[in-house]
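Undergrad: Letter 35 of the sequence shown, counting from 1, is numbered 35 in the UniProt record's numbering, and no numbers are missing.
Where a beta carbon is used, it is the ideal one built from N, C-alpha and C, also for glycine.
None of these values were measured; they are calculated from a predicted model.
Structure provided below as structure tokens; questions to follow.
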Amino acid sequence: RAPLGFQPPEKKSSLKSIVETLARATNDSIGETRSNLQNQQSTIKNLEVQMGQLANLLFSKSQGTLPNNIKINPKEQVKAITLRSGK
């Protein structure tokens, strides 16, 4: 039993309260979607910058030359194979 003078809160199950709840949930969802979209846009921008840096690095290297850190053949041997077709 409730104490004297205490009235339990009235339950709002009216259409108005349902619509208000739905509107709040929708607004929260839209806000979260906007935040996620901004994060994705920022990540894409960072990836574009990194791809540009990689492209610049690749094109700045002299083309047509071998790298400086080649290994000398330790056995000093060359091996060849011949296919059945003779090639």
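1. May I ask which residues mark the beginning and end of the alpha helix (DSSP H) holding Gln77?
2. Between which two residues does the alpha helix (DSSP H) carrying Arg24 extend?
3. For Gln77 and Lys71, what's the separation of their Cα atoms in angstroms?
TA: Put simply:
1. It is not in any alpha helix (DSSP H) - Gln77 carries neither H nor E in the DSSP assignment.
2. Leu15 to Ser60
3. 13 angstroms
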